[in-house]
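Heads up, the thing below is written out as structure tokens.
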Amino acid sequence: MAGYKPAAIQTYPVLGEKITQDTLYWNNYKTPVQIKEFGAVSKVDFSPQPPYNYAVTASSRIHIYGRYSQEPIKTFSRFKDTAYCATFRQDGRLLVAGSEDGGVQLFDISGRAPLRQFEGHTKAVHTVDFTADKYHVVSGADDYTVKLWDIPNSKEILTFKEHSDYVRCGCASKLNPDLFVTGSYDHTVKMFDARTNKSVISVEHGQPVESVLLFPSGSLLASAGGRYVKIWDMLKGGQLLVSLKNHHKTVTCLYLSSSGQRLLSGSLDRKVKVYSTTSYKVVHSFDYAASILSLALAHEDETIVVGMTNGILSVKHRKSEAKKDSLPRRRRPAYRTFIKGKNYMKQRDDILINRPSKKHLELYDRDLKNFRVSKALDRVLEPSCTIKTPEITVSIIKELNRRGVLANALAGRDEKEISRVLNFLIRNLSQPRFAPVLINAAEIIIDIYLPVIGQSPVVDKKFLLLQGLVEKEIDYQRELLETLGMMDMLFATMTRKESTSVLQHTSDGFLENRKMES
Amino acid sequence: MVAAESVRVVRCGGSELSFRRAAFSADSKYIFCVSGDFVKVHSTATEECVHILQGHRNLVTGIQLNPNNHLQLYSCSFDGTIKLWDYIDGILIKTFTVGHKLHALFTLACAEDSVFVIINKDKPDVFQLVSVKLPKSSSQEIEAKELSFVLDYINQSPKCIAFGNEGEYVAAVRDFYLSVYFFKKKTTSRFTLSSSKNKKHAKNNFTCVACHPKEDCIATGHKDGKIRLWRNFDDDKKYTYTCLHWHHDMVMDLAFSVTGTSLLSGGRESVLVEWRDATEKNKEFLPRLGATIEHISVSPAGDLFCTSHSDNKIIIIHRNLEASAVIQGLVKDSNIFTGLMIDPRTKALVLNGKPGHLQFYSLQHDKQLYNLDIIQQEYINDYGLIQIELTKAAFGRYGNWLATVEQRQEKETELESQMKLWVYDKKTQGFVLNTKINMPHEDHITALCFCNAEKFENPTLVTASKDGHFKVWILTDDSDIYKKAVGWTCDFVGSYHKYQATNCCFSEDGSLLAVSFEEIVTIWDSETWELKCTFCQRAGNIRHLCFGRLTCSKYLLGATENGILCCWNLLSCALEWSAKLTIRVMEPDPCSENIAAVSQSSAGSDLFVFKPSEPRPLYIQKNISREEVQWGVFVPRDVPESFTSEAYQWLNRSQFYFLTKSQSLLTFSTKSPEEKLTPTSKQLLAEESLPTTPFYFILGKHRQQQDKKINEALESELVQLPLTENIPAISELLHTPAHVLPSASFLCSKFVNSLLLSKETKSGEEILEDVDMEEEKESGDDSDEEHDFTENTQDTNDTELGEDIIHQLSKSEEKELRKFRKVDYSWITVL
């Protein structure tokens, strides 16, 4: 026959943001650490190697921060003018940066003076990057050119003059040493191949391109410009895969989470949005105090660093998950206890007796199953239950009422126990979702304990509190009704015309009917 | 063709299975239960109905196995007859006419030629236990008028009579008395419990009695839930009793196990309690049986119990208290709130079933298909408890969606209600809960309907409520990147001058929605939810509302409480016609334009079938039922009937079923549904009721072949009797009526012949056999002439054979004998 059916626990819709895996994941960060820089933070870049330091480019300085340090552990400040786009090499030992005066400088992380200086651009260099073979540097400048430099002999290898406006962003492929992508204010994103000395793919973004990002596989390209983030399929020759318009202002930076499953975009509208890279739907969004210029995630998404126009660098660290293991785990039966006899093959003459697997029941359900109603009520009146999950308490009270044993369960309690029930009532009686059940329970309690009132000052005080609460609630309801009446009147005056027409219509109907009858 | 006169109102939906105790066959393979005027024979393994024993003309009131022949069954009925059946073939053997209304039947092994029945002779409520001598006679209809009085002043229920200790005494209970009549001493002792004078013993009434099969011990059940075990009752002074108390409500039935070691009891708690060794400590429970236990019976073999329940159900329970099978009829226990519906997928009738369940009942097979648990809460069966009631249900188009409403109202202001929407899951072939809406309206929901038009791909549901609103619910996409999901949300709330909404109905094409608000009918455009027009007749609240269909789709019909039926034309927005008719049920036929209306008058209920386009009804049947008809429904027929008579043409494509106030399901038909039911084929019986699952059909043959092989292998080693099941001749012979068979002496000689021959072949000609068989196959085809020949010659051979086997056989004789062997006589070996 059918087994015991557990008591139905009423669930209530949670207002506000839906809780998903993503909101849990992205909210699991500590409160941000704010670091003041000298100017707008135009670029943040994490070293790919441990200890995952990050370089922050702001004004004419490049600061290197350690993972948890709030003070820079190193500073490169020998720029005559604004520095741009300080980027680590894959091994984390070299750093390259462009500058407003058209120079590209290569630094050793441990040194102070630049190792190499690449001269050739006539205007500000906004983007630099290392190619996949580590020996070349790609740079794009406001003189519309893109140059490829050789690091060992600090010579220019190639120059591409295909863009017709400022080149403001670029990205080298992580897999192929010859491929890199640049985005320009001429609304195009071009992919260059160092072997052919011209662009191999050119896509039209539609807005001045602020940021480009190649996916780790190299097959997808994300570009940001204007309010749009566009994803292109490079294997299909630059076909537009999807166009995302989720920001109110220009999107300035893009970043891919370490798993590659989520794409983050930062914008001047002070928001960072997180997209799923499978469905390209926004799964989460962060708010910041100022317009965002740069964004970076550390290894394993441990840290989110956001640079803003007001020179504030916001650093968020992931909450540590070590807390759980602090309690020593209770020793459980060994694995073999559970599999004991499970792999026994049935022999010819054996009779197999199947025992149905036991369904897990909550403690209150076990009590209810055995008709221990008072005990079931006691269980759900524990503070841990009443505070965290009052809906369970209310559902059990409702269930007891349905079974017709609520009075039995509430009766025969001493001062301590009854004050616990009353505390719960006082806290939750005025909540509209619980009110019908709890009012009934309160009535029963008053009926039961009326004869003994006055014997315990503690309980009497609680009763008085409850009375005050009810009176307040009644006043409140009355006020609400008054407001409702006023609003009704206002609406009625506003919609008079329509309703009269309806009325006329119906009266016409009556007349017609009357005519028919006569 | 069917004659026009033959259409009449017939009862369908089976009858109460739990009216009397069920009985088991001696080998526990079959269970017998009463079902109205019939006795049903079910297989205990498969729950399948194997036979319906028909013949009684009134309710069957008792069934008992014939103690002297366990293949026969006695049954008695209110029509005053006792019938003896061969239940394996479903044949009526004898009818004994007693003449009085028989209320119960008891048989005893020691009283060979008589049975005991309860009759009421003089006054209506004075019942007697009498023994009836069943005269031995060869005729089928026998008068049995020889009654001898046993006990007086007893209760009419068979639960209050029990025979003990191999028929030495009989115990009967009534009110506060226990009477024991000793057959040998011919004395009656009477024991009285203190009666209702003081409050403590107010519920001391006896309710049932059972006797220990081996010892002198009587168990009685009481209204207060106590069970008393009486001993030493042969002495009026020294008798003792012990009390067992677990039940908190009346003990409905008691039964001892065959050995008497344990006592079974059951009651309203729906828990079967097994008391071991008659002590209060040792008890086992089988809880949650679903409904009040009415009867308990025990199989003679002792391996099975069964409990009959008030919700028309019999549960077969193993000795170790594990339910093994459920025989479930149409549940008629509860009030029907949902009305009658048809599941578009299974064509099953759907209505309230067990508490909190919807039952799906197949009308064609008189069988409950399944129960859908709607409320999904532990059911507490207690007197006076306000339960959650399933009040409304509706199916969406093609049966993909099911909407249900459940309500519970304790006080005037405290209404709990929930609407649930269920989606049909193709994988599990059942309904799965999709959306649960708490308090969909602030007051009772009065009507519920889906939009069934083709053009709306998005399912739409409308609910009307007493709070003055009707709400439109639509299915919306609720999926995100984590999961795909759909859910129902409220799309529109409409009201009309705060009147209570009483009914709602979609037009056939789904373009219009009609909602009645008390006296007024409003028509809404279903695209924009705009009020289009209103109709009002000032003739009382609208009770029923429906649109015409097909060619009559421009009409809207409304029936009011004051007994007016109105038909409005939607094109001219005017009243087309109206008629004075107090309508209880109005149902449109889904296959035609016809609408059936059942009206109520003091004399009874009348049926009118009409088309909305013409006010003159197509068919009128006066007085279809003496009671009030509560619900009705048209069920599309699988195979259209062809009534030539014009009056019955409305029955061609669909059938009209209706439910009266006393929960009897009636329909119009030429014959009763039990007659139409094809009795489960006799093959089932011949195969010894192996469970015929699909697996059986696949594997059964294979296994039989294997069995054959094994048997062949065995035969070569030791002489073994051939297996009976594998030989068609035997089953054929056993199932042929005896009067068709040749005489026994004739068969006997054959039997002897076959035995001798089989031995002969084994010893002598095993190697030759294969060759011979082939030859015989060739010759075997040329027919019966040879058979005849063998049978003719047989008599002459008989005498000689005894000597012949010792001698060498001549060639011609040998050939003849082989022909014998080809004729399969092996069945005789089993006789």
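Protein chains in written order, with the UniProt record's numbering: chain A, 1 to 518; chain V, 1 to 831.
We put the beta carbon where it would ideally sit given N, CA and C, even for glycine.
Best match in the options for proximity to residue i [C-alpha to C-alpha]
i	options	result
Gly399/V	Glu378/V, Gly430/V and Glu416/V	Gly430/V
Lys123/A	Trp149/A, Ser154/A, Pro152/A and Thr82/A	Thr82/A
Phe668/V	Glu294/V, Gln655/V and Lys661/V	Gln655/V
Lys80/A	Ala222/A, Asp101/A, Glu71/A and Leu422/A	Asp101/A
Val125/A	Ser139/A, Asn423/A and Met494/A	Ser139/A
Trp650/V	Lys622/V, Glu593/V and Ser599/V	Glu593/V
Trp26/A	Asp287/A, Gln431/A and Thr250/A	Asp287/A
Arg408/V	Gln387/V, Val170/V and Cys110/V	Gln387/V
Phe535/V	Asp467/V, Leu570/V, Gly353/V and Leu390/V	Leu570/V
Phe547/V	Val515/V, Ser15/V and His245/V	Val515/V
Ser320/A	Asn428/A, Tyr29/A and Cys171/A	Tyr29/A
Ser526/V	Asp343/V, Gly540/V and Gly510/V	Gly510/V
Ser384/A	Ser419/A, Glu204/A, Phe424/A and Gln431/A	Phe424/A
Gly540/V	Lys83/V, Ile342/V, Phe517/V and Lys94/V	Phe517/V
Inter-residue Cα distance where the pair is residue i and residue j
i	j	result
Ser202/A	Tyr166/A	16 Å
Asp425/V	Phe395/V	14 Å
Pro300/V	Phe371/A	36 Å
Ile9/A	Tyr364/A	11 Å
Glu378/V	Gly3/A	9 Å
Val472/V	Ile542/V	20 Å
Ala492/A	Ile445/V	28 Å
residue 834/V	Arg549/V	Residue 834/V cannot be examined here, being either before or after the span of chain V that is shown, 1 to 831.
Arg11/V	Ala453/V	34 Å
Gln683/V	Lys811/V	In this predicted model, Gln683/V has a pLDDT of only 39, less than 50, meaning its place in the structure is not dependable; the value taken from the coordinates is given anyway. Taking the straight line joining both Cα atoms gives about 42 Å.
Leu406/A	Glu414/V	16 Å
Val273/V	Leu565/V	56 Å
Gly418/V	Met439/V	Contrary to the premise, residue 418/V reads as Gln rather than Gly in this sequence. So the alpha carbons of these two residues sit roughly 5 Å apart.
Glu300/A	Leu263/A	14 Å
Val719/V	Cys160/V	The predicted model places Val719/V with a pLDDT of 44, which falls under 50 and marks its position as unreliable, so this point remains unresolved.
Ser148/V	His56/V	24 Å
Pro158/V	Ile523/V	59 Å
Chain-ordered chain A contacts of residue i [CB-CB under 7 Å]
i	result
Gln377/V	Lys5 and Ala8
Neighbour list for residue i in chain A, Cβ cutoff strictly below 9 Å
i	result
Asp382/V	Arg403 and Gly404
Leu385/V	Arg402, Arg403 and Gly404
Neighbouring residues, chain A, relative to residue i (Cβ below 8 Å)
i	result
Tyr482/V	Thr20 and Gln21
Neighbouring residues, chain V, relative to residue i (Cβ below 9 Å)
i	result
Asn440/A	Glu410, Lys411 and Glu414
Val281/A	The residue you asked about is not Val; residue 281/A is Lys in the sequence shown. The answer, in chain order, is Asp480 and Ile481.
Proximal chain V residues relative to residue i, where beta-carbon distance stays under 7 Å
i	result
Asn436/A	As written in the sequence, residue 436/A is Pro, which differs from the Asn given in the question. Correct list: Glu414.
Ser276/A	Ile481
Proximity test, residue i beta-carbon vs the ligand FAD heavy atom, cut-off 7 Å
i	result
Gln49/A	The ligand FAD is absent from the structure shown, which contains no ligand whatsoever.
Integer Cβ distance of residue i from residue j, believed to fall under 8 Å
i	j	result
Asp193/A	Lys134/A	The pair is not a contact, with the Cβ atoms about 18 Å apart (cut-off 8 Å).
Asn312/V	Leu666/V	Wrong, their Cβ atoms sit about 17 Å apart, outside the cutoff.
Val283/A	Val274/A	5 Å
Gly404/A	Leu229/V	With a Cβ gap of about 32 Å, Gly404/A and Leu229/V do not count as contacting.
Any C-beta of chain D under 8 Å from that of residue i
i	result
Tyr169/V	The chain labelled as chain D is not found among the protein chains of the depicted structure, namely A and V.
How about the stretch 629 to 636 of chain V and the stretch 549 to 567 of chain V: do they share at least three Cβ pairs that are nearer than 8 Å?
-> no
Report yes or no: do three or more beta-carbon pairs, one from the stretch 502 to 522 of chain V and one from the stretch 478 to 493 of chain V, lie closer than 8 Å?
-> no
Inter-stretch contact (C-beta, 8 Å, three-pair minimum) for the stretch 391 to 398 of chain A and the stretch 23 to 41 of chain A | no
Contact between the stretch 142 to 156 of chain V and the stretch 171 to 180 of chain V (3+ Cβ pairs under 8 Å) | yes
With contact counted as at least three CB pairs below 8 Å, one residue from each stretch, are the stretch 233 to 241 of chain V and the stretch 204 to 214 of chain V in contact?
-> no
Touching or not, the stretch 255 to 269 of chain V and the stretch 301 to 310 of chain V, by the rule of three or more beta carbon pairs under 8 Å?
-> yes
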